[in-house]
Each structure stands twice: as structure tokens, then as C-alpha cells.
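Asks: Got a structure for you, questions after.
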Amino acid sequence: MLRKSLLTLSLPLLLSATSLPDLFSALKEHAQTKSDEMVVKQAEVAQEMANAKLYPTINLFAKYDYTTEAVGMLPLPPNDLKVMIGNPSITQPFSQNITREGANFTMPLFVKSIYTMSDKAQKMQKSAKAKKKINLLKNEAVIVGANANYLYLAELDKSLDGKKKSLLETQKTIQIKVDNGRAPASALYKIEDGINQIDITKNSIALQKEQLINSIRSLTGITLLTPIQMQEVSPVRTSETIESLKPLKLKIEANQLDIDAQKEKLYPSVVAYGSYSFSQAKAYNNDKNVNEDYGSVGVMLNIPLLAMGDYQEIKKSKIQMKQDEVEYEKLEEELSSKAEMLQNSLPLLANSIKLSQKSIKNREKLLRIAKVNYTSGRLSTEEYLRYEDDVVSASAKLYKTQALKWQTLMELAVIYANNIEEMVK
């Protein structure tokens, strides 16, 4: 029982993380990422299946034939058959009941569409790998963004704690004044209401924290007990191309290869084939056991003349490629515009952070002056509370701007496929 209790108490610690690499490592092992790995494996198998069509197909067989009339166990030249018919003692390879064992094979010598389909499968595999990478970056960006907001809420919580402590100290002073008749009781009620509003806000913050913790837990399986401090190690690296569109671009290239492959099915093809069989039976002319073996190899040229199904497949592939091209153009315009907006906002956010830091210092100085004036009776309760609110408000703006900067960096990192693990520590 004691062991079970200790395990229950230690479980949250076992599930907690102390650094972003811990979260990123957990993400790679989580079902969300493994699902993308399965898609990559499926693409790898698809390529192997396409390449497999270049190899011979070999089959072993065993069969039994019964016919109402005697049939030949193997083809016979006319001259050999003439000799057999003239001599009844010679066992003829004809029978109604024949058992056969053997093997046959086919092998493409030139089927152009097979090579093109193999190239298509390779493109789809690359597309799946690129998509897996982008999805991983998106999830890492979600983790960093959620942690940044978690930091914002934690700092806001601290500011509210500071405000509450300040109000509690003021409350003691006002209580003495009210008891001595030097201040109205309404001033005390206003202070108490200010403390109550802080507790209400802290409850709201706690709910928001739970949502952020859950978003990280859903991706990593880890319950983040406290936010992780982050530092930008390297800046975002931009480029002329939108790297996050690479999976779709590769898919469009694969679609073009699919169209080529469908067209190439209408080309002539050359296939090698062959077979070997060993047959046993009782000859129909004298009931003696007879066995014969027979083999053949050949090459066949196949020229399609009319294949309406292939024409429809070409049409279908063209429509799919056009659809993907339109989607690519749409996303490229959207992401290019968004990337420009995000890049332009970074220096503005940095400036806002500096201004907010300066504002906090000024408002803290004003609060100290206001507190002295209030205790000496030169300031009303409402005016004093406004100074308290101003400090928390300025702090909230700073932390929120810092969180917004992190989110902006992460969005740019995903668009340009930067390595987030190298950007943030």
C-alpha cells in the first residue's frame, strides 16, 4: 500500500520535463509522430512494389486434366506421329487422364510504364518524408508556442501575487485607520474587493494553464508541471522558396509522372515468357504408363490498339495534378504574404518589449509614490487601485508580447522549415 502511494505521488514527477529537448524527444516517440512514420513506410513499400514488377514472375504448378477424348501430353511433329500410328506397340503420348507438374515464368523486357511508375513511387516517398518533417516542425512549434504562453501566464500569476501582497499590506494599514475612525469602512471594502478580483483572475489563469498543459501532453505524453525557460539560440533563416510546400511540390511532380506512366501504357511492350511441364498418364492406345517433359520460351511484342480505360486514367491523373497545382499556387500566395507580415512584425515586437519593460519600471515608481500618498490620505482608494492595476497591466502586456514573439518565430520556422531544435534551447 505504501509503495502504491509513493508511486502515485511520484508519477507527476516522472511525467514532467525539465527542458525543451525532453519534450522534443518525447514528441518523436509519441503516436502523433509514429503515425507519420507509418505513412513513410507505406510509401517505401509502394516503391518496392513498383520495382518488383521489373523482376520475373515464376510459378510452380501441379494439375490434373480429364478430357472426354484423348488429348496430347505434348506437341508432336507430324512425322513422329505418323510412325507411332503405324506401330501399335509404340506407346502414344495421348490420354484422357493426365497429371502435370512444372513451372512457368514471365519477365518484362521493355515496359516503359513500369520504370515511370517506379520514379513516381520514389517521388511519393520523398513527399511523405518531407511531410513527416514539416508535421514534426509544426508540432514542435505548437510545443514552443504553448510553453511561451505558459510562461506568460506564470509571470502574470507572479504579478498578481505581488499585487495581492501589496493590497494585503495596504489592507492592514486601512484596517487600523478604520478601527481608529480615521478612514471610512468603504475604503476597506474596496481593498477587499480588489483582492477578490485578483483571486478570480488567478482562477481564470489556472484554467488557461490547464489548456496549455493539455496541448503539450497530447503531443508528448508529458505533463508539464512548470513552464520551461527558453532562449533563442539562432535567428530564423528565410529563403526565396516556401520550404513547407515541398511535400505538395513533390506530390505534383509525382502526378506528372503518373500521367506519363498512363500514357506509356499505350506504348508497345516486350515480354519474355516460358514454361516447363512434366506429364504422366496411361497411353490411350495400349494403357502403358508414359511420361513426357516439355519446355518452351518465347518473346512477345504487345501493341495496344484500343484501351479506353487507359485514356480515362490519363484524364483522371491530369485533373488531380491540376487540382494540386491550384492548391499549391493558393498556399504559396498565402504563406508568402504571411511570412512577409511575420518578418515585418518581429522588429515591432522587439521594440514593444523594450517599451513595455521601461513602462513597468515607471509604473512601479509611480505605485510606490501612490502608496505613500494613499496612506497619508492624499489619494483616494480608487486612484490608488488604478496604480496597482497599471503595474499588472504593463507586466501582462510585456509577457504577452514576449509570447507573441515566440509564436511569430515558430510560424516563420515552420514556413521556411528551419530546425526548431537548433533555434530554441
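Counted the way the numbering used here counts, the sequence shown spans residues 896 to 1320.
Glycine residues also receive a C-beta, built at the ideal position from the N, C-alpha and C atoms.
The structure presented is a predicted model; accordingly, all values stated were derived computationally and were not measured.
#1: How many angstroms separate the CA atom of asparagine 1186 from the CA atom of methionine 1002?
#2: For serine 1107, does the three-state DSSP call read helix, strand or coil?
#3: From what residue to what residue does the beta strand (DSSP E) around glutamate 964 run?
#4: Could you check which residue in Asn1098, Pro1122 and Lys1097 has the C-alpha nearest to that of asparagine 1109?
#5: I think methionine 944 touches alanine 1043, with their Cβ atoms under 8 angstroms apart; what is that distance to the nearest whole Å?
#6: Under the assumption that tyrosine 1206 contacts lysine 1144 (Cβ atoms under 8 angstroms), give the Cβ distance between them as a whole number of angstroms.
#7: Can you look up glycine 981 in the DSSP assignment and give me helix, strand or coil?
#8: Using 8 angstroms as the threshold, is the region 1052-1069 in touch with the region 1019-1038, meaning 3 or more CB pairs across them?
#9: Compute the distance between the beta-carbons of serine 1231 and isoleucine 1137, then report whether it is under 8 angstroms.
#10: For the alpha helix (DSSP H) holding arginine 1281, just list the boundary residues, first then last.
#11: How is aspartate 1188 classed by DSSP in three states: helix, strand or coil?
#12: If we ignore side chains and look at the alpha-carbon of each, how far apart do proline 907 and threonine 1118 end up?
#13: In the DSSP assignment, the beta strand (DSSP E) including proline 1003 goes from what residue to what residue?
#14: Quick one: using the 10 Å Cβ neighbour count with 16 as the cut-off for buried, is glutamine 1106 buried or exposed?
#15: What does serine 1172 pair with, by DSSP beta-bridge criteria?
#16: Around the C-beta of methionine 896, are 16 or more other C-beta atoms found within 10 angstroms, so that it is buried, or is it exposed?
#17: Kindly list the residues whose CB is nearer than 8 angstroms to the CB of arginine 1132, restricted to its own chain and excluding five residues on each side of it in sequence; keep chain order.
#18: Please say whether alanine 1078 and lysine 1072 have beta carbons closer to each other than 8 angstroms?
#19: Secondary structure at serine 1164, three-state DSSP: helix, strand or coil?
Replies: The answer reads as follows:
#1: 29 angstroms
#2: Rather than serine, the amino acid found at residue 1107 in this sequence is leucine. Reduced to three states, the DSSP call for leucine 1107 is helix.
#3: 952-967
#4: Pro1122
#5: About 45 angstroms; that fails the 8 angstroms criterion.
#6: Not a contact, Cβ separation roughly 28 angstroms.
#7: helix
#8: no
#9: yes
#10: 1276-1310
#11: strand
#12: No answer about proline 907 holds up, because its pLDDT of 44 lies below 50 and its placement is not dependable.
#13: 989-1005
#14: exposed
#15: Gly997 and Tyr1189
#16: Any answer about methionine 896 is weak, because its pLDDT of 43 lies below 50 and its placement is not dependable; what the coordinates show is given next. Looking at its Cβ environment, which holds fewer than 16 other Cβ atoms inside 10 Å, methionine 896 is exposed.
#17: Tyr1311 and Asn1313
#18: yes
#19: strand
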